[in-house]
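Everything in the sequence shown is counted per full-length UniProt numbering, starting at 1 for the first residue and increasing by one.
Yeah, the Cβ is synthetic: ideal placement off N, Cα and C, and Gly gets one too.
It should be emphasised that the depicted structure is a prediction, and the values quoted were computed from it without experimental measurement.
Written out below as C-alpha cells is the structure these notes cover.
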Amino acid sequence: MSTPIPQWPGELVRLGDREVFVRTASSPRADAEPALFVHGLAGSSANWTDLMGLLSGELAGEAVDLPGFGHSPPPPDRDYSVDAHTIVVARLIEKRGRGPVHLFGNSLGGAIATRLAGTRPDLVRSLTLISPALPDLRPRSGPARILAATMPGVGPWAVRRLATLPAEQRVQGTLEMCFADPTGLHPDRLMELVEDVRRRDELTHNSEALIASSRGIVTAYMRRSLWRYAARVIAPTLVIYGRHDRLVDPRMAARAGRVFKRSRVVVLPDVGHLAQMERPETVAREFRAMLEDAHLRLPDTTAG
Numbered sequence: 001m002s003t004p005i006p007q008w009p010g011e012l013v014r015l016g017d018r019e020v021f022v023r024t025a026s027s028p029r030a031d032a033e034p035a036l037f038v039h040g041l042a043g044s045s046a047n048w049t050d051l052m053g054l055l056s057g058e059l060a061g062e063a064v065d066l067p068g069f070g071h072s073p074p075p076p077d078r079d080y081s082v083d084a085h086t087i088v089v090a091r092l093i094e095k096r097g098r099g100p101v102h103l104f105g106n107s108l109g110g111a112i113a114t115r116l117a118g119t120r121p122d123l124v125r126s127l128t129l130i131s132p133a134l135p136d137l138r139p140r141s142g143p144a145r146i147l148a149a150t151m152p153g154v155g156p157w158a159v160r161r162l163a164t165l166p167a168e169q170r171v172q173g174t175l176e177m178c179f180a181d182p183t184g185l186h187p188d189r190l191m192e193l194v195e196d197v198r199r200r201d202e203l204t205h206n207s208e209a210l211i212a213s214s215r216g217i218v219t220a221y222m223r224r225s226l227w228r229y230a231a232r233v234i235a236p237t238l239v240i241y242g243r244h245d246r247l248v249d250p251r252m253a254a255r256a257g258r259v260f261k262r263s264r265v266v267v268l269p270d271v272g273h274l275a276q277m278e279r280p281e282t283v284a285r286e287f288r289a290m291l292e293d294a295h296l297r298l299p300d301t302t303a304g
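In C-alpha cells form, the structure reads like this:
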C-alpha cells in the first residue's frame, strides 16, 4: 500500500458575514477547468484529497469546509440549513470568479450541489453526486440515526455520550458505517481522521454543527423539494451510488436516472457511502466517462 498524497493546503475565505476554509489542489496546467468539491455531514474538505489529486491534471480543484465543519467557523446566525449551505457555496464560486465549475457533492454535499445546480445553472458546468442525500422516506437504520439526532434532548445527549468514547473507536464506527471495507483505508488516512476528531472535540460548536445540519437534511427531506431541483438541472450529471451504502439506498439510482435529464447513473459494487475515499480511481474514471458522454472536453493530460 503506497503512501497517500498529503492533504491539500488551504486558507480562510471571507464571504460576507461568513468565513469558510478552502483547500486548493494545484494543477500543472494553466488551462485546467475549475472544480469545487462539497463534503457530507460530519465530513470535511479533506475527504476529497485523493480524488482531487487524481483529477489535478485536468481540473483546478478547490474543496470547501462548510460553515461549522472542518476548519470553518460556525455561521454567525447559526443557520445550517441546506438552503444556507447552498448560498455559501454559490457565494464562494462567485467570489473566486471561477464559474461555471465542475461541481462535486457527497451526501449532504450532494443535496447542496443539487439545489445549486437546479437554481443557478450559470454556476455549474457539470454535476457529480456521490451518494447524494436526496429524499427517500423508506426506513433504514442509518438515516434513522440522523433523524434521532434532530430530536430535542436526544441529539445533544447522544453527541455528549459519543464524545466520551476514544477518538479511535469513534472513527472506526464511522468507517464501519460508511465503508464497504473499512480495512482498505490507508493507516495514514486513518490517523488523519483520528487527529481531526480530537481537534474537533476542542471546538465549542462541534455538536451544534452536526445536530443543526442533521435537522437541515431532515427538513429538506420533508419538503421533498430536492427532487424538484434535480429535475431542473441542465448540466451533465454523474450520480454514483455504492451497493453497500448503509445511509443512502442504492435503489434510488433508478429514480435518479429518471429525474436528472442528462445523467450517467452508476452503482458501484463493494463500495459504501464514501466512494471518493474508498474508490477514488473509479470515481475519476466515471467522471471522465460522463464528460465524454456529454461531449465536454477537458485539457488533454497527455499533451505538453
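Coil, strand or helix - residue i by DSSP
| i | result |
| --- | --- |
| Ala-263 | In the sequence as presented, Ala is not what sits at residue 263; that position holds Ser. Strand, per DSSP. |
| Glu-58 | coil |
| Leu-185 | coil |
| Tyr-221 | helix |
| Leu-238 | strand |
| Leu-274 | coil |
| Arg-125 | strand |
| Val-154 | Residue placement at Val-154 is flagged as unreliable, the pLDDT there being 48, under the threshold of 50; a coordinate-derived value is accordingly withheld. |
| Tyr-80 | coil |
| Leu-291 | helix |
| Arg-98 | coil |
| His-205 | coil |
| Asp-50 | helix |
| Gly-68 | coil |
| Val-248 | coil |
| Asp-196 | helix |
| Ser-2 | coil |
| Leu-92 | helix |
| Ala-253 | helix |
| Thr-174 | helix |
| Ser-44 | coil |
| Arg-279 | coil |
| Leu-137 | coil |
| Ala-30 | coil |
Through-space distance from residue j to residue i, alpha-carbon basis
| i | j | result |
| --- | --- | --- |
| Pro-236 | Ile-112 | 17 Å |
| Arg-246 | Arg-120 | 31 Å |
| Met-222 | Pro-135 | 8 Å |
| His-295 | Arg-232 | 20 Å |
| Asn-47 | Tyr-80 | 20 Å |
| Arg-198 | Phe-69 | 14 Å |
| Ala-275 | Val-82 | 22 Å |
| Arg-285 | Ala-90 | 27 Å |
| Leu-66 | Gly-105 | 12 Å |
| Arg-288 | Leu-103 | 14 Å |
| Pro-187 | Gly-43 | 18 Å |
| Val-154 | Ala-220 | Summary for Val-154: the model assigns pLDDT 48, below 50, so the residue's position carries little reliability; its value from the coordinates is reported in the next sentence. Their Cα atoms are separated by approximately 20 Å. |
| His-39 | Val-22 | 12 Å |
| Val-265 | Val-239 | 5 Å |
| Thr-3 | Met-277 | 14 Å |
| Trp-157 | Gly-97 | Any reading at Trp-157 is ruled out, since the residue's pLDDT is 46, under 50, leaving its predicted position unreliable. |
| Pro-182 | Arg-189 | 11 Å |
| His-85 | Arg-14 | 14 Å |
| Thr-164 | His-71 | 22 Å |
| Glu-202 | Gly-110 | 28 Å |
| Ile-217 | Leu-226 | 10 Å |
| Val-171 | Ala-212 | 21 Å |
| Glu-94 | Ile-87 | 11 Å |
| Arg-18 | Ser-131 | 27 Å |
| Glu-192 | Glu-168 | 11 Å |
| Arg-255 | Gly-57 | 33 Å |
| Pro-166 | Val-194 | 9 Å |
| Thr-204 | Leu-108 | 22 Å |
Strand pairing of residue i, partner residues [DSSP]
| i | result |
| --- | --- |
| Phe-37 | Ala-63 and Phe-104 |
| Gly-10 | Arg-23 |
| Ile-130 | Asn-106 and Ile-240 |
| Arg-120 | Paired residue(s): none; Arg-120 is not in a bridge. |
| Leu-15 | Arg-18 |
| Leu-268 | Gly-242 |
Neighbourhood of residue i by C-beta distance below 7 Å, restricted to the same chain and skipping five residues each side
| i | result |
| --- | --- |
| Met-52 | Trp-8, Ala-25, Phe-37, Gly-61 and Ala-63 |
| Val-267 | Tyr-241, Arg-243, Pro-250 and Ala-253 |
| Gly-16 | Arg-91 |
| Pro-100 | Asp-122, Leu-123, Val-124 and Arg-125 |
| Pro-269 | Arg-243 |
Proximal residues to residue i (C-beta, below 6 Å), its chain only, five neighbours per side dropped
| i | result |
| --- | --- |
| Pro-280 | Asp-50, Leu-51 and Leu-54 |
| Gly-118 | Tyr-229, Arg-232 and Val-233 |
| Phe-179 | Gly-272 and Glu-278 |
Residue i Cβ short of 7 Å to the ligand NAD heavy atom set
| i | result |
| --- | --- |
| Ala-212 | The ligand NAD is not part of the structure shown, which contains no ligands of any sort. |
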